[in-house]
Structures are given as C-alpha cells and as structure tokens.
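Encoded as structure tokens, the structure appears first; notes follow it.
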Amino acid sequence: MTLGRVLLPPPHPALKVCVVVPARDEETLIGSCLRSLAEQEGISFGEFEVLLVLDRCTDATEQRALEVAAEYPDLYLYSLEGPGRGAGHARRVGMEEARGRLMSLDRPDGLIASTDADTVVASNWLSVQLEAAARGAKAIGGHIELRDDVDLPRGVSGWRDEQGHLRQDELLSPPGPDDEPRTRTEHWRFSGASLALTAVTYQEIGGLEPRAALEDEYLERTLESRGVPIERPLAVKVATSARLVGRAKRGLARDLSLASWVRNNTYDAHDFDPDDLLELKLSSGISVSAVIPTRGKGRGTAALLDALVPLAEAGLIDEMIVLLSDKGDNSPNLPTGARVKVYRDADLIPGFG
C-alpha cells in the first residue's frame, strides 16, 4: 500500500520520472487513468512514481485511487492535498513536489511528467519520453486523441483539428541531416493531458505559474520565451475524455462544448425552401427583425443589407435595424427604405452613451 497524504516517504533510489495527476471530483475516470499508468511497459516500478493531487474532492476520487493501489501493490502511488483553486494550482503542487524529489536524488535530468485525471496514457508513454530525454529533450508534448466516451456532434472533431492547423504550420519543419541536432515537431500539441520537462528545466524557468486554468498554455509560452525547445513526437500518445462539461472554467471541455453549440446552431441556407419558411412564419404569427451593429463598418453593413433585401422582399424579414456604435460613426451609403431603420447606441441606451 503506497498511498499516503501526510508525509511522503523518500523517493526510490532508481526514480527517473514523477507523474503528476491533478484531480477534482473524478471518481468516474480516475481509475482508468491510474491503471494506464500502472501498466506502463519498458519501465520498472520504482523508476517512476505517481503523485495524485486531490484538489478538495467531494466525491469518491480518493477511494477509487485506493482501489487501484490495492490492485497494483508495487505501484508507487502517493497523494497530495491540492488548494482547491483549480487544476493549474493543483498541478503546480504536484510538479513542485516532483522537482524536489528528483533533485534530492541529484537527478536534474529526471522527468516531471503530467497528465489529466480524465486521460488514459499509452502503455509506452513513459518509456518513449525517457528515450526522448536521453536524446537531450528538455520538454515534451504528447499527441492527444479524443476518447469515444461522449457522442460529439458531427464535425466537432474536425473543427478541433482545424484549430491546430495554423499552429502546426508554425511548428512543423522538415528534418535536418542526421548529424544535425533537431527537435521533433511531429504535431502541434502541448497540453496538461501530456506534457513533461526535466527537473532542472522546470527549476530554471521558475516552475509552473500558479493559474486556475490554461496553465499548460502559459508553460508553453514560458518555455518558448526562454528558448527551451519542445519536442512533440507522435509516439508519445494519450487519449482524453471528449466530455463537454469539465472541472476547469477553461480548457478542452469548454472548447468542445463551444464547438458543439456552434455545430448544433449553424444552418445552411441551401437546406431550407423559402416558401416553406414563409408558410411557417405566417402560420406562427411571428415578426422577424434583423439587427446589424456596424461598429464603424459602413461599407460592410451596406453589403450585408443588400444581401438581406431579397429575404425582406420575400416577406421573411419584416425590418432591418442598423445600430451605429457612436456619434462619430456615420456609416455612409446605407440603403434606406421602409424596412431599414437606423439608430445610435447612445439614443437607445442614453445611460451608456
């Protein structure tokens, strides 16, 4: 039984990697996460340990962890108390402890790795990262796939991939000759679901900035600003939950939730017949107004109104309202007519004018 919370025992002399897992109310998913760590290949128990940071959990997360500890008695699994201020603060607690334990063994090139409680790591997740560190890698970002534990709206996964294309173009570069040092940039991700850096690198950059969320993004920026290259090998793989409601206010769950909302509320005009829409509008007795804030873009507003005119002429739009942002916004050449009304923000809401 190696789960303790008050005072951790000294690290195993063979320790090479400390894995930090922040968790808050993760009773459903923490078991699969810890089991994937317990079943690592190419590395022995004692050469790695898991630091589970329980961030003021109110559910059975700790009990699930105890069950895993009982299943794998040789796994070095310890728990720490998080401050209850978000995943970023909890991750920092674990990474600070990891740094101290590795440095106490005079192992500055030992790895501080981190994943999330809703993530399952590949069976070679640690061994591949140790190989990268042996080649000289100072920081490592893993490739992240989405688990199929949630039915995402069609196209959301593609949307997520599209978001990374620009970043990927910035990072990916053709490999140089074998005799030249190079950083593997086979993907664009650097996320709390799979990141690692050496203990000395962590110490030299001043550690993980204490933030409730998006701490991984700030860590990436810090590494880049300090000139620390980040390896991104595809061989370092994890699968993370595609849930839409996460534990952090910001992060992947919120991004997926937003993408799902957009997909569910985006429509293609070609999918609708104007006559059917008009019949539906007339039968419902509703009135339709198109409200167009200009924000100084008069020419663009005029073009948008021109595009809406056919809908108004067909009876689908009853009026078009143009909002001028301030008294200096003249928005020239706006079309006028019975269906176009122009107002200024200050006239509609004098208190904010």
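In terms of the numbering used here, the sequence shown opens at residue 2 and continues consecutively. Each residue gets a CB set at the ideal place from its N, CA and C atoms; glycine is no exception. If you're wondering where the values come from, they're calculated on a predicted model, not measured in any experiment.
Practice prompt. Examine the Cβ distances between the segment 235-243 and the segment 198-214 and report whether three or more of them are shorter than 8 Å.
Written response: Remark: fewer than three beta-carbon pairs, one from each stretch, lie closer than 8 Å, so the segment 235-243 and the segment 198-214 are not flagged as touching.
Worksheet item: Is the number of C-beta pairs between the segment 102-111 and the segment 70-79 that are closer than 8 Å three or more?
Response: A contact is defined here as three or more CB-CB pairs under 8 Å, and the segment 102-111 fails this definition with respect to the segment 70-79.
Fill in: Pairwise C-alpha distance: Ser192 and Ala200
Translated into positions along the sequence shown, residue 200 becomes position 199. Translated into positions along the sequence shown, residue 192 becomes position 191. Approximately 18 Å, taken between the alpha carbons.
Worksheet item: Grouping DSSP H, G and I as helix and E and B as strand, with all else coil, what is Thr202?
Response: By 1-based counting over the sequence shown, the position of residue 202 is 201. DSSP places Thr202 in the helix class (H, G or I) of the three-state scheme.
Item to complete: For Ala133, name the three-state secondary structure that DSSP assigns.
Response: Against the sequence shown, residue 133 aligns to sequence position 132. Reduced to three states, the DSSP call for Ala133 is helix.
Discussion item. Check whether the segment 213-231 and the segment 120-131 touch, using three or more Cβ-Cβ pairs below 8 Å as the test.
Written reply: In short, these stretches do not touch, since the Cβ pair count stays below three.
Practice prompt. Using alpha carbons as the reference points, say which of Ala291, Ile141, Ser285 and Arg36 lies closest to Asp217.
Written response: By one-based count along the sequence shown, residue 217 stands at place 216. It is Ile141 whose Cα lies nearest to the Cα of Asp217.
Discussion item. Using the Cβ count rule (16 or more neighbours within 10 Å means buried), how would you classify His90?
Written reply: As a working note, residue 90 is residue 89 in the sequence shown. Counting Cβ neighbours within 10 Å, His90 comes out buried, since at least 16 surround it.
Fill in: Spatially closest choice to Leu67 from Leu35, Asp307 and Ala133, by CA coordinates
Translated into the one-based positions of the sequence shown, residue 67 becomes position 66. Minimum Cα distance to Leu67 is reached at Leu35.
Worksheet item: Going straight from the alpha carbon of Thr223 to that of Ile231, what length do you get?
Response: The residue labelled residue 223 in the question sits at position 222 within the sequence shown. The residue labelled residue 231 in the question sits at position 230 within the sequence shown. Those two C-alpha atoms are separated by around 11 Å.
Discussion item. So for Cys58, helix, strand or coil by DSSP?
Written reply: In the sequence shown, the residue the question calls residue 58 occupies position 57. In this structure, Cys58 counts as coil in the three-state DSSP scheme.
Item to complete: Evaluate Gly143 with the Cβ neighbour count: other Cβ atoms within 10 Å of its Cβ, from every protein chain shown; 16 or more gives buried, anything less gives exposed.
Response: Counting from one through the sequence shown, the residue named residue 143 turns up at place 142. The residue is buried, with at least 16 neighbouring Cβ atoms inside 10 Å.
Practice prompt. Return yes when the Cβ of Leu279 is within less than 8 Å of the Cβ of Ala315, no when it is not.
Written response: To locate residue 315, count along the sequence shown from 1; it is residue 314. To locate residue 279, count along the sequence shown from 1; it is residue 278. Inclusion of Ala315 and Leu279 in the CB contact set at 8 Å is warranted, their separation being smaller than that value.
Worksheet item: Which residues in the same chain as Gly85 place their Cβ atom closer than 7 Å to its Cβ, once the five residues preceding and following it in sequence are excluded?
Response: Indexing the sequence shown from 1 puts residue 85 at position 84. Spatial neighbours of Gly85 in its own chain (CB-CB distance under 7 Å, excluding positions within 5 residues in sequence) are listed in chain order as Asp56 and Arg57.
Worksheet item: Do Phe49 and Val18 have their C-beta atoms closer together than 8 Å?
Response: In the sequence shown, residue 49 corresponds to position 48, counting from 1. In the sequence shown, residue 18 corresponds to position 17, counting from 1. A contact, by the Cβ cut-off of 8 Å.
Practice prompt. With Arg148 as the anchor, note down where its beta strand (DSSP E) starts and where it stops.
Written response: Here residue 148 refers to the residue found at position 147 when the sequence shown is read from its first residue. Unbroken run through Arg148: none, as it is neither H nor E.
Worksheet entry | Residues that His144 bridges to, as DSSP identifies them | What you label residue 144 is simply residue 143 of the sequence shown in a count that begins at 1. Answer by DSSP bridge pairing, in chain order: Lys238.
Worksheet entry | Residue from Leu147, Val323, Ala213 and Ala114 with nearest C-alpha to Leu16 | Position 15 of the sequence shown holds residue 16. Selected option, being the one with the closest Cα: Ala114.
Worksheet item: Any idea which residues DSSP pairs Thr120 with across the strands?
Response: For the purposes of this step, residue 120 is identified with residue 119 of the sequence shown, where counting begins at 1. Thr120 pairs with Thr241.
Worksheet entry | Rounded separation between Gln204 and Gly101 - CA only | Within the sequence shown, residue 204 is the residue found at index 203, counting from 1. Within the sequence shown, residue 101 is the residue found at index 100, counting from 1. Rounded to whole angstroms, Gln204 to Gly101 spans 9 Å at the Cα level.
Discussion item. Within a Cβ cutoff of 6 Å, which residues of the same chain sit near Val343, ignoring the five residues on either side of it in sequence?
Written reply: In the sequence shown, counting from the first residue as 1, residue 343 sits at position 342. Around Val343: Val323.
Worksheet item: Out of Ile44, Gln130, Pro11 and Arg65, which has the shortest C-alpha to C-alpha gap to Gly32?
Response: Position 31 of the sequence shown, counted from the first residue, corresponds to residue 32. Minimum Cα distance to Gly32 is reached at Arg65.
Discussion item. Could you compute how far the alpha carbon of Phe46 sits from the alpha carbon of Val94?
Written reply: Residue numbering aside, residue 46 sits at position 45 when the sequence shown is read from its first letter. Residue numbering aside, residue 94 sits at position 93 when the sequence shown is read from its first letter. A straight-line Cα-Cα distance of about 23 Å links Phe46 and Val94.
Worksheet entry | Beta-carbon proximity list for Leu38, same chain, < 7 Å, skipping 5 on both sides | If you number the sequence shown from 1, residue 38 lands on position 37. Cβ within range, chain order: Val20, Val51 and Val122.
Worksheet item: Helix or strand or just coil, what does DSSP make of Val341?
Response: On the sequence shown, position 340 is the one that residue 341 refers to. In this structure, Val341 counts as strand in the three-state DSSP scheme.
Fill in: Residues of its chain near Val54, where Cβ-Cβ distance is below 8 Å and the 5 sequence neighbours each way are ignored
In the sequence shown, counting from the first residue as 1, residue 54 sits at position 53. Excluding sequence neighbours, Val54 sits near Val21, Val22, Pro23, Ala24, Ser80, Leu81, Glu82, Gly83, Ala91, Arg92, Val94 and Gly95.
Fill in: Sequence ranges, alpha helix (DSSP H) only - wholly within the segment 38-119, length at least 4
Contiguous alpha helix (DSSP H) elements confined to the segment 38-119 occur at 62-72 and 88-105, taking only those with 4 or more residues.
Worksheet item: If you draw a straight line from the C-alpha of Gln41 to the C-alpha of Ala138, how long is it?
Response: The residue labelled residue 41 in the question sits at position 40 within the sequence shown. The residue labelled residue 138 in the question sits at position 137 within the sequence shown. Roughly 20 Å separates the two Cα atoms.
Discussion item. Just list the residues that DSSP pairs Ala197 with in beta bridges.
Written reply: What you label residue 197 is simply residue 196 of the sequence shown in a count that begins at 1. Per DSSP, Ala114 and Ile141.
Fill in: Same chain, Cβ closer than 6 Å to Val341, five either side skipped, listed in chain order
On the sequence shown, residue 341 is found 340 positions in, with the first residue counted as 1. Apart from sequence neighbours up to five positions away, the residues of its chain that approach Val341 with a beta-carbon distance below 6 Å are Met321, ordered along the chain.
Discussion item. For a test of the three-state rule: what should DSSP assign to Val284, helix, strand or coil?
Written reply: On the sequence shown, residue 284 is found 283 positions in, with the first residue counted as 1. Note on identity: in this sequence residue 284 is Ser, with Val being the wrong assignment. Under the three-state reduction of DSSP output, Ser284 falls in the helix class.
Fill in: Buried or exposed by the 16-neighbour rule on C-beta atoms within 10 Å, applied to Val292
One-based indexing of the sequence shown puts residue 292 at position 291. Exposed: under 16 other Cβ atoms inside 10 Å.
Worksheet item: With distances taken from CA atoms, which of Val129, Gln130, Glu146 and Pro14 is nearest Ser242?
Response: Mapped onto the sequence shown, residue 242 falls at position 241. Of the listed residues, the one whose Cα sits closest to Ser242 is Glu146.
Worksheet item: How would you label Pro175, buried or exposed, when you count the other beta carbons within 10 angstroms and need 16 or more for buried?
Response: By 1-based counting over the sequence shown, the position of residue 175 is 174. Bear in mind that a pLDDT of 48 at Pro175, under 50, signals an unreliable position, so the model cannot answer this.
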